[in-house]
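Positions 2 to 790 (our numbering) are the ones given, in order, by the sequence shown. Ideal Cβ placement from N, Cα and C applies to all residues, glycine included. Here is the structure we will look at, set down as structure tokens.
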Amino acid sequence: MTNRNYLFLLIILLNLFSCSDYDTEIKNLQDRVDKLEDTVSALKSAVNSGKIISDVISLPDNQGYNLIFSDGSNISLKQGTDNMIPMVKIDNNGFWIVSYDNGNSYSHILDNNGNQVISKGKDGSNGNSLRVVTDDNGFYNFEVYSSSLPDSVIEVIKTPQSSNQESVLCSVVKNEKNGVITLTLANGSEFKFNLDVSYPTSVIVLNDILKVNPFEDASLRFRLNPSDAYLDFIINGVDSNVELDIITQSRGVTNYVTKPSGYKIASISNDTDADGNIKQGQYIATITSLNNGENISERVCLVITTKNSKGEIIQISSSPFSIVNGEGTDILSVNINGVEGTRTDNVFHVKLPSTTDLKNLKPEFTGNCSSIYPKGVTKSRGYSEYVDFSNPVTYVAVGPDGKTEEYTVVITFSDLPTIYITTSALILSKDEWVKNNTIRIFNAGEQNGEYSASLKGRGNTTWGFPKKPYAIKLDSKEEVLGMPKHKRWCLLANWMDRTNIRNEVAFEVGRRLSGLEWTPRGKFVDLFFNGTPVGNYYLCEQIKIDKNRINIDELEPTDISEPYITGGYLLEFDSYFDETYKFRSSLELPINLKSPDENVPDEQLNYIKNYINTIENKLIAHADFKEIDNLLDINSYVDWWILNEIVLNGEPNNPKSSYMYKKRDGKLFAGPAWDYDWGTFVEGSGWWIKDAIWYKYLFSYPEFISIIKERWNMHKNNLSTIGDYIDKIYYQINESSLYDCTIWPINPTMLGGNYVNGDELLSFSDSVERLKQMYLKRFQWLNKNIKDL
């Protein structure tokens, strides 16, 4: 006999038991696996663990049963009754009798030899007395003793009667439909266990398109796996376990579960073959229309609520399929090379392997339209089913009434936003803007967009590398990928950086340092340039004066008197020294005027030069720290120093890419952060920029060192979790960066054979892990050594 049949017969027998019958098999439950002495705790533990009963085995000498669970554990059920205290008295013949049913019936107490226990001696003298006690296992025992020697026990008569009401089981009931066994204790507690039955693990819909007409039901065929899986189909109410879920297309959001309002599941029945035989595991859901003839075209899933192997409630979903009602202009799905696209409004994104040849792909569509063709190409004008998807392709869906709707199909290589740039001419210079270019952003949800822009190359050393960085100037201020509105943006190539994330991680450090008022925001993207996929890029904010960036006043050429001439100024300390307006300070530091940068009057250039020289003269003379504090925003200089020290950026020593800005009627601030793709997160010890720019003078002030210690203690908790942020970014860009590594290998000859970052020959994953370890090591070093400054 199989375990399942054996259990079925056993449960039938158990259902005949009652609490009030002495012969009823009442069970004292004990979890042997966990060695729990408390029966109720054992039951709770078994239920909470989702245990499923697979077998029941009789205990020796008819003492009860073991429930065997599918994970190999068991709980012992021992015989007993639910009376808390046996009622004991002497019958007319002088023998001890006991009642287990509140005095309704009595039976003789038998000693261990099976003899009745008498209460008087044969000569009429007092005989043996009897008392009720509880043994160590919680069962009632009768102790026989002589009334003259009450402390001397003559005999112990054991009973199956439990003294613990909580451990007494009144009933065991099996639900024949769902296989659930309910155990009810004498105190009213209930515990439900599942039999070792099969539950659905997957659901497969056999219809690609289901047409639901207003006056004719449709049949949706589906299969549950495994084929013998149990499911009591409930299609209505809060307990429904079979539902249709709309894959909501608007704004790229998928809600779970979103029930349709225009149609519903009316019934579910077994599917049969031509001879009327039931197809095991296969069913038909009858779908009926509720929309009075209105056209409905939607992508949906069939969602089943069931249990897993632990008895936990789970939901499983079918693959998407289409429900259409009537004829229209809807494209419901796009499939290319076996990959179904996801939809945002009227844009389908199909994520294909990065090695896919995009120039000759055949899309497959489902919809309720009469015909579909690429925009601008009809069958009479060179129409082909195979299409070049190097750029997004727009399709026209035509309904039976001649109405049309347009849809765009976009190829992506990862889950990152994809940017397609089409230029009006080649971008050959970092000095000359090329106008009238189109930028289209896809796969970004609500942040999709299309912009007209001018482009040029950017960077100093980086412009000479194979993977080109670009500067973007939109025709108007726009919000891009959720970042605040502006015209000016950068596409950083990060060619020298095997990890692709050095800039972003350094920027994140800057964002966590409150003394740096603004740090650039950025997003990783996949870039297609004039139909060619060019890999992973970092689209970020360019350093500009703006209310959403460096929030200071912009100088006009007419601002030549106080207070207007006092700000704002944006400066870059950089040895390239290549801006139109520039000067060298009294310490021969090369300072470029980034803003204002056109028609700058001598008065403004002289003002900021004198301001810088005043700072340097006071530092050289070791003026009172209060005088330095009146000229410099000390908190920003401390935090900018912490940033560059912790990421091991040595460029301020040259200096390069070191920014400062001055507010109107205000101090000079350090920052913002910029340019961390080369020579950062490297192996190193000691102080990295302690002597850079003005720091060797600032470190001569005890007040400055005190502020460093104070601000380090304020920031170190936030900085300690940057390792987690590195892991997060790694998983976001992993697909994109693996492709990027294949098309942009680092060429050592272009770096002069000098591997500055130290990870150029590593894989992407190894390089990111190395960067994280370098950061964590540097954090620990700073945490130890800053307190000893």
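Secondary structure at residue i, three-state DSSP: helix, strand or coil?
i      : result
Phe234 : coil
Tyr577 : coil
Gly458 : strand
Lys697 : helix
Met1   : In the structure displayed, the chain extends from 2 to 790; residue 1 sits before or after that span and is not available.
Asp136 : coil
Thr255 : Confidence at Thr255 is low in this model, with a pLDDT of 45, below 50, so the placement of that residue should be treated as unreliable; the coordinate-derived value is given next. Coil.
Glu563 : coil
Pro591 : strand
Leu211 : strand
Trp675 : coil
Thr750 : helix
Gly465 : helix
Gly523 : strand
Pro261 : coil
Glu509 : helix
Gly651 : coil
Gln450 : For the record, residue 450 in the displayed sequence is Gly; it is not Gln. In the structure shown, Gly450 sits in a strand (DSSP, three-state: E or B).
Asp152 : strand
Asn504 : helix
Asp92  : coil
Grab the span of the beta strand (DSSP E) containing residue i for me, first residue to last.
i      : result
Cys541 : Thr533 to Glu542
Met661 : Ser659 to Lys663
Ser415 : Looking at the DSSP string, Ser415 is not in any beta strand (DSSP E), and its letter there is neither H nor E.
Asn142 : Phe140 to Ser147
Asn336 : Ile332 to Ile337
Ser228 : Unbroken run through Ser228: none, as it is neither H nor E.
Leu475 : Tyr471 to Val481
Gln283 : Ile279 to Ser290
Trp97  : Trp97 to Ser100
Pro364 : Pro364 to Gly368
Leu246 : Sequence check: residue 246 is Asp here, not Leu. Residues Val243 to Ile247.
Arg585 : Lys583 to Arg585
Glu348 : Sequence check: residue 348 is Val here, not Glu. Note, Val348: beta strand (DSSP E), Val348 to Lys352.
How big is the Cα-Cα spacing for residue i and residue j?
i      : j      : result
Asp83  : Thr185 : Caution applies to Asp83, whose pLDDT of 40 falls short of 50 and renders its modelled position unreliable; the value that the coordinates give is listed next. Those two C-alpha atoms are separated by around 12 Å.
Phe192 : Ile182 : 8 Å
Val683 : Ile708 : 27 Å
Ser320 : Val206 : 7 Å
Trp97  : Ser153 : 19 Å
Trp782 : Gly651 : 17 Å
Arg499 : Leu333 : 40 Å
Arg550 : Lys457 : 22 Å
Asp416 : Asp209 : 26 Å
Ile723 : Thr681 : 15 Å
Phe466 : Ser576 : 20 Å
Ile279 : Ser270 : 10 Å
Ile561 : Leu669 : 19 Å
Met2   : Ile119 : Caution is warranted here: a pLDDT of 30 is assigned to Met2, below 50, making its placement in the model unreliable, and no coordinate value can be reported.
Lys773 : Gly536 : 23 Å
Ser477 : Leu540 : 17 Å
Val648 : Phe508 : 10 Å
Ser298 : Ala454 : 37 Å
Val510 : Ile727 : 11 Å
Leu111 : Ile315 : 54 Å
Pro653 : Ala693 : 6 Å
First and last residue of the alpha helix (DSSP H) that includes residue i?
i      : result
Arg712 : Pro703 to Leu720
Met775 : Phe765 to Asn786
Asp728 : Ile723 to Ile744
Ordered list of alpha helix (DSSP H) runs contained in the segment 597-649, each at least 4 residues: Counting only runs of 4 or more, we get 603-621, 626-632 and 635-647.
Are three or more beta carbon pairs between the segment 333-349 and the segment 507-523 nearer than 8 Å? no
Could you tell me whether the segment 426-440 touches the segment 404-415, where touching means 3 or more Cβ pairs closer than 8 Å? no
Taking one C-beta from the segment 362-380 and one from the segment 390-400 each time, how about it: are there three or more such pairs within less than 8 Å? yes
Is the segment 564-575 touching the segment 586-605 in the sense that three or more CB pairs, one from each, lie closer than 8 Å? The segment 586-605, when compared against the segment 564-575, does touch it at the 8 Å Cβ threshold.
Is it the case that the segment 521-536 contacts the segment 421-432, given that we only count it when at least three CB pairs across the two stretches are under 8 Å? Short answer: they touch.
On the three-pair Cβ rule with 8 Å, is the segment 348-358 touching the segment 299-310? no
Touching by the beta-carbon criterion (3+ pairs, under 8 Å), the segment 476-491 and the segment 730-742: no
Three-pair Cβ contact test at 8 Å for the segment 711-726 versus the segment 634-647: Between the segment 711-726 and the segment 634-647, the count of Cβ pairs shorter than 8 Å is three or higher; the stretches touch.
Stretch-stretch touch, CB-based, cutoff 8 Å, three pairs: the segment 486-499 with the segment 755-774: yes
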